[in-house]
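What follows is a single structure, written as structure tokens, with notes after it.
Residue numbers (this note's numbering): 3 to 542.
Shown next as structure tokens:
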């Protein structure tokens with residue numbers, strides 16, 4: 003097999019060919035120039051950032067007979083025989099991590115180098131070693147022979163014992179910047195005669211997440227045909243999301259165009275795009291907008307508070323180890339929930355001006371005729387004070403008549419609802435992200451995975467009650483809680499049971515109008531009283 007994969011073919015063989023890690027490389031070269039070589043080094047950082055390559059270059063330069071400014075000459079006997087040198091021992095700790103392997107290493111350490119100035123041990127993935135193996139290595143690191151140098155590399159420094167860390171010079175490798183990745187991709191494409199678009203280069207650099215090996219591996223796969231590598235080819239092969247798509251979605255969020263947002267999400271689901279890539283790109287774009295807001299250069303309608311809340315909720319989704327439902331449902335709920343407040347405010351403005359409904363029971367122009375006017379002013383806002391009172395009442399009433407057999411029955415019904423085609427999609431999305439945790443004949447407490455889902459359900463309690471009536475054979479008074487809220491209420495319930503607390507039925511509160519609503523009613527009253535007799539008007 004003559005073909006050599008790109009990441010191996012373009013692996014650097016000297017410090018000047020390395021991409022990124024300027025600080026680390028300079029420190030290592032200074033150590034060689036000043037002849038201040040330590041006996042143990044630890045290279046830590048993400049995968050594909052050059053840890054093992056740097057270890058090999060450093061080892062080669064240390065044993066070079068004629069180094070120039072901290073760089074191996076490449077022509078001396080030791081440089082030419084480096085790949086086969088008996089004085090350079092590479093160990094993969096992932097497969098040689100036992101105490102017996104380390105004892106063999108320790109015995110060989112005592113033997114002087116046969117050709118080079120030093121005997122150098124490069125131990126990759128050192129965090130995979132067992133505790134016994136680390137303990138066996140400890141004494142040698144404490145008092146090594148003068149001719150022995152250890153260079154260890156790891157992607158998981160947290161698993162390396164502190165006793166090992168304290169005996170090493172530690173160098174942290176950072177993710178390679180997008181600009182450096184793009185420069186190297188362009189260089190390799192030029193050397194390999196690969197035709198690639200600028201957008202494709204940027205997307206490969208982004209998908210590699212700061213790892214040069216990942217970037218070149220992606221490029222290798224995409225260049226398997228003679229066709230030009232385009233952004234569309236990458237998006238279709240790797241489930242990525244274009245920057246254009248992200249910006250279009252955010253623009254629709256700024257315009258509160260719900261229909262377009264839902265269509266874009268449908269497009270995402272149809273293309274089986276990777277939700278993690280989508281979330282990371284959204285967070286990146288939101289971060290740019292947040293900075294613009296603070297610099298007063300943002301022209302859109304999103305607020306810093308909204309963006310911050312969305313980013314934190316996106317992070318919660320990313321940190322979920324297992325998502326048993328379509329993750330885009332959760333993402334969609336987060337976005338819709340955080341847009342809802344401003345949508346409601348716009349609706350209020352419209353309703354004040356145009357949604358003025360007058361229902362006449364009996365209108366007569368004859369003098370003395372009784373006239374009754376019913377003016378219906380809809381209230382789209384969710385009064386926070388009222389909701390807190392409603393939660394308290396419905397939780398109390400649910401606990402009052404709570405029974406396990408009712409709960410099990412309702413849970414079974416709730417679970418089966420997600421497969422029912424007659425239920426509205428938004429109701430199904432609520433069901434998928436929640437479960438019934440307490441139930442009586444007429445009350446149900448719902449626990450939601452996301453706080454945003456609970457908030458959204460509580461704005462649609464009447465709709466939920468009406469839509470699910472036929473399935474529960476009665477009108478259920480639902481209330482939604484976040485996981486944290488439910489845990490707190492459950493603990494209170496257990497305490498009350500232990501203290502023989504008696505639950506008493508509570509009447510549900512009546513929602514009070516806010517100051518804004520009162521102001522609006524006042525405006526409508528003025529209009530109405532100019533047309534009709536005030537004594538013959540009822541406002542509801």
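Backbone N, C-alpha and C fix where the C-beta goes; we use that ideal spot for every residue, glycine too.
Asked                                                                                                                        : Found
Paired residues, beta bridge with residue 154 - DSSP                                                                         : 44, 125
Segments assigned alpha helix (DSSP H), at least 4 residues, entirely inside the segment 264-296                             : 277-296
DSSP state of residue 445 mapped onto helix, strand, coil                                                                    : strand
Exposure label - residue 21; buried when at least 16 CB within 10 Å                                                          : buried
Residues near residue 306 by beta carbon distance below 8 Å, same chain, minus five either side                              : 292, 295, 296
Residues of its chain near residue 104, where Cβ-Cβ distance is below 6 Å and the 5 sequence neighbours each way are ignored : 135, 138, 139
From 26, 222, 17, residue whose alpha carbon lies closest to that of residue 5                                               : 222
DSSP beta-bridge partners of residue 436                                                                                     : 450
Contact set for residue 316: own chain, Cβ-Cβ below 8 Å, skip 5 residues either direction                                    : 281, 284, 285, 333, 336
Inter-stretch contact at 8 Å, needing at least 3 Cβ pairs: the segment 88-104 / the segment 32-48                            : no
Cutoff 6 Å; reference residue 329; Cβ partners in own chain excluding five residues on either side                           : 277
Residue 131 versus residue 100 - alpha carbon distance                                                                       : 7 Å
Beta carbon proximity, residue 490 to chain D, threshold 7 Å                                                                 : Looking for chain D here will not work: only one protein chain is present.
The segment 81-92 in contact with the segment 110-121 per 3-pair CB rule at 8 Å                                              : yes
Cα-Cα separation, residue 476 to residue 468                                                                                 : 10 Å
Cβ pair residue 207, residue 184 closer than 7 Å                                                                             : yes
Buried/exposed call for residue 162, threshold 16 Cβ in 10 Å                                                                 : buried
Three-way DSSP call (helix, strand, coil) for residue 37 in this model                                                       : coil
Which listed residue (147, 12, 77, 80) has its alpha carbon closest to that of residue 113                                   : 147
Supposed close pair residue 432, residue 459 - CB separation, criterion 8 Å                                                  : 5 Å
Cutoff 6 Å; reference residue 153; Cβ partners in own chain excluding five residues on either side                           : 43, 57, 124
Collapsed DSSP secondary structure at residue 94 in the structure displayed                                                  : strand
Segment contact, 8 Å Cβ cut-off, at least three pairs: the segment 7-22 with the segment 211-222                             : yes
Alpha-carbon spacing of residue 18 relative to residue 157, whole angstroms                                                  : 24 Å
C-beta contact flag for residue 484 and residue 456 at 7 Å                                                                   : yes
8 Å CB neighbourhood of residue 262 in its chain, flanking five on each side removed                                         : 254
Alpha carbon of residue 504 to alpha carbon of residue 248, nearest angstrom                                                 : 54 Å
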